[in-house]
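**Student:** Below: one structure in structure tokens.
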Amino acid sequence: SPLELRRQEGQCCPICWAPDDVIGLDRHSALSGNNPYARDPHPAAPTTCSGAKCFAPHCAEGYTPGHVQGRCCESCVPGR
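Numbering (this note's numbering), first residue to last: 326 to 405.
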């Protein structure tokens with residue numbers, strides 16, 4: 326595998342890493358301005374979620390966006 330486990334100073338956990346010339350990286354250069362998929366943390370999220378980056382969930386059939394206690398962002402929960 327071209328990926329190697331690497332831990333940088335200040336990181337809590339190691340990441341899989343490879344140089345750009347080995348595995349091309351999608352830097353999302355086509356997206357400009359606000360991300361239409363970004364969302365604020367859920368209103369019922371814990372106060373420790375300040376600054377969390379959330380995205381609109383895409384739920385499978387039978388599930389709808391909702392909140393799971395203790396999580397920062399909206400999650401897919403069984404449909405109501």
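Built from N, CA and C at the ideal position, the CB exists for glycine as well. Computed from a prediction, not measured in an experiment: that's the story for all the values here.
Closest by CA to Pro-371, which one among Asp-345, Glu-334, Arg-396, Asn-360?
**Tutor:** For Pro-371, the closest of Asp-345, Glu-334, Arg-396, Asn-360 by C-alpha to C-alpha distance is Arg-396.
**Student:** Kindly indicate which residue of His-367, Gly-358, Arg-332 has the alpha-carbon position closest to the one of Cys-379.
**Tutor:** His-367
**Student:** Leaving out the 5 sequence neighbours to the left and right, which residues in its chain are closer than 8 angstroms to Arg-332 when beta-carbon positions are compared?
**Tutor:** Cys-338, Pro-339, Ile-340
**Student:** Look at the alpha carbon of Asn-412 and the alpha carbon of Gly-404, and state the distance between them as a whole number of angstroms.
**Tutor:** It is not possible to answer for residue 412, since the shown part of the chain is limited to 326 through 405.
**Student:** Relative to the alpha-carbon of Trp-342, which residue among Ser-375, Ala-385, Thr-373, Glu-329 has its alpha-carbon at the smallest distance?
**Tutor:** Glu-329
**Student:** Rounded to a whole number of angstroms, what is the C-alpha to C-alpha distance between Ala-381 and Val-402?
**Tutor:** 13 angstroms
**Student:** Three-state secondary structure (DSSP) at Cys-379?
**Tutor:** strand
**Student:** Grab the span of the beta strand (DSSP E) containing Ser-326 for me, first residue to last.
**Tutor:** Run containing Ser-326: none; DSSP gives neither H nor E here.
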